[in-house]
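Just below is one structure, and these are the notes that go with it.
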Amino acid sequence: MPAMTTGQRSTILVVEDEEGIARMIQVLLEARGFATLV
Numbered sequence: 459m460p461a462m463t464t465g466q467r468s469t470i471l472v473v474e475d476e477e478g479i480a481r482m483i484q485v486l487l488e489a490r491g492f493a494t495l496v
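Take the sequence shown: its position 16, counted from the start at 1, is 474 in our numbering, and no numbers get skipped.
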């Protein structure tokens, strides 16, 4: 995976109908440096 040198985070769209699961995925992705849209 290429190093991110620009400081800009990639954004991932999370599509999940269970609010708790969506939040769990969001927290995990954001902890790894991604921005999320739920």
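Glycine included, C-beta positions come from ideal geometry on N, C-alpha and C.
Based on the DSSP output, what are the partners of Ile471 in its beta bridges? Checking the displayed sequence, the identity of residue 471 turns out to be Leu instead of Ile. According to DSSP, which records beta bridges pairwise, Leu471 is partnered with Leu495.
Keeping to the same chain, check which residues put their C-beta closer than 8 angstroms to that of Val472; ignore five residues upstream and five downstream. In the same chain as Val472, and ignoring 5 residues on each side of it, the C-beta atoms closer than 8 angstroms to its own belong to Ala480, Ile483, Gln484, Leu487, Thr494, Leu495, Val496, in chain order.
How big is the Cα-Cα spacing for Gly465 and Gly491? In a straight line, the C-alpha of Gly465 is about 10 angstroms away from that of Gly491.
Which two residues bound the contiguous alpha helix (DSSP H) that contains Gly498? There is simply no residue 498 to check, as the chain begins at 459 and stops at 496 in what is shown.
What span of residues does the alpha helix (DSSP H) with Arg481 cover, start to end? Where Arg481 is concerned, the enclosing alpha helix (DSSP H) stretches over 477-489.
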